[in-house]
Amino acid sequence: MQLGFTFLRFYVKIVLIGVNIAAEKYMRKFTLSVISVLLALTVTLAGCSCNAKSELSFKSAYLGENVIVEPSSGYRETLTYKVAYADSYLSEFAISERLKKNIDEGKYGFTFGDGVYTAVLETVSAASLTGEAAESDLIDNLPSEAKTLYKLTTDLTLPVTYANCSYDGNTDDYAFTDNIKSTVYFCSYKFSFAPIFVNTFSLYTTFSAGEDTAVIGRVRTERTVVYNQKSYKTTLRYYDGIKEENPELKSENGYTNDYEYRTLIDNAELLFAVRNLDVELEKSVYIPVVSAQYKEDKTLAIKAESASTEPKTTIKVNGTLSEEELQVINYSLSIYGTENAGMRQLFSVQKAKGAALENKALLVKYVEPLTAYGLMAPMGVLVYTLTAAEYVTA
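In terms of our numbering, the sequence shown is residues 4 to 397.
Next comes the structure, spelled out in structure tokens:
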């Protein structure tokens, strides 16, 4: 769920996915992890000259209807999602007949268990940041009204089993738990949700399917990004994916990119940012996003596809179960102006108050397509569905 583009969030990369978010060679995750990547955002990108980056402008839908005054402290929101696999959610994402035939014939197989994705948003003081998070020169140069930051912590856990697959040279049945975690500090909506620091940890399974055999692997990566006023520095660490305890660091590399403060967001905050979209139906907005999949930011096209009412579902609201039938705006997300950008991702955002659920533009659903590399075939989707929301404002 870095709920994100693979860039949000996940990884079955049958050679992976995305949020989440990790190495170009390994992850195609739209990690869009995870995830987490969660606006009442009004992006003004000069006409759509998407190479010229303007300062991003956001609204405050996440705080509630008509609320523009941000809490100085004590704000906390916890969202919980169930994560389930679907092989035929929509025809464009349905598992390919070629892949399904091989699975039905017992050549190999995969099964996703019930996963959980959580996203915790809270206010913190800029002065409280330590370690790498405190290295950003933004901290000392932010105006006083921007000294209260947001900390978003996400955690995606997903059990998965593979049948008759080759792993580390041996063919057998295997069971793993994939996990994507992220922590991101960023500014308030008044300062464009500008990122300060990001740390993402990914441990996931790759799956490469051929006509008769399939090979799986384990990938373990860590990504940190320090955002300064004029540049951001990314560090990627790759660990032994097989050894579960005390894994060996295999390699480390990094790079620095120039940018202008307030002109982009990080993939780790994407699923929060999209809660605040303010866009007319059938229109699009364009947001530059930084992800480990690419060594420079990429512009995402986010289109408001339709408005609808979700089927009635039970959601725990501040500890009490409530039957909710939520009105939502349905969006699609894809990389703008890039060949082989992969399949689009889908998400639905609350647009009105529910029976007990305040209208905080909550992410109600997120759909992440999966691809089986090797055959380069669609293999279904992971569907993230909101099951619980807790919010406290001091």
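No residue lacks a Cβ here, since even glycine has one placed at the ideal position from N, Cα and C.
Where R223 is concerned, the enclosing beta strand (DSSP E) starts and stops at A217 to Y230. Residue environment analysis places I219 among the buried positions, since at least 16 neighbouring C-beta atoms fall within 10 angstroms of its C-beta.
Contact annotation: A364 and N279 have beta-carbon atoms nearer than 8 Å. In summary, L324 is exposed, with fewer than 16 beta-carbon neighbours lying within 10 Å of its beta-carbon over all protein chains present.
The residues D215, in chain order, have a CB closer than 6 Å to that of K110 in the same chain once the five nearest residues on each side in sequence are set aside. Beyond the five residues adjoining it in sequence on each side, E285 comes within less than 7 Å, by CB distance, of A307 in the same chain, given in chain order.
Cβ neighbours of N362 within its own chain (closer than 7 Å, five residues either side excluded): G67, E68, Q353, A355 and K356. Counting C-beta pairs closer than 8 Å gives fewer than three between the stretch 255-268 and the stretch 174-186, which falls short of the contact rule. For D181, the uninterrupted beta strand (DSSP E) segment begins and ends at N173 to F189. Here D158 is buried: its Cβ has 16 or more other Cβ atoms, across all protein chains shown, within 10 Å. Here L274 is actually not in contact with Y339; their C-beta atoms are around 18 Å apart, not less than 8 Å. A direct Cα-Cα distance of roughly 38 Å separates T224 from Q330. In this structure, G383 places its C-beta atom within 8 Å of the C-beta atom of A97.
Inside the stretch 225-282, DSSP marks whole alpha helix (DSSP H) runs of 4 or more residues at positions 273-276, from first to last along the chain. In the DSSP assignment, L102 falls within the alpha helix (DSSP H) that extends over E100 to D107. Excluding residues up to 5 positions away in sequence, G118, V119, T180 and N182 lie with their Cβ nearer than 7 Å to the Cβ of T160 in the same chain. By the neighbour-count criterion, in which a residue is buried when 16 or more other Cβ atoms sit within 10 angstroms of its Cβ, P314 is exposed. Cα atoms of L141 and P291: separation of roughly 19 Å, rounded to the nearest angstrom.
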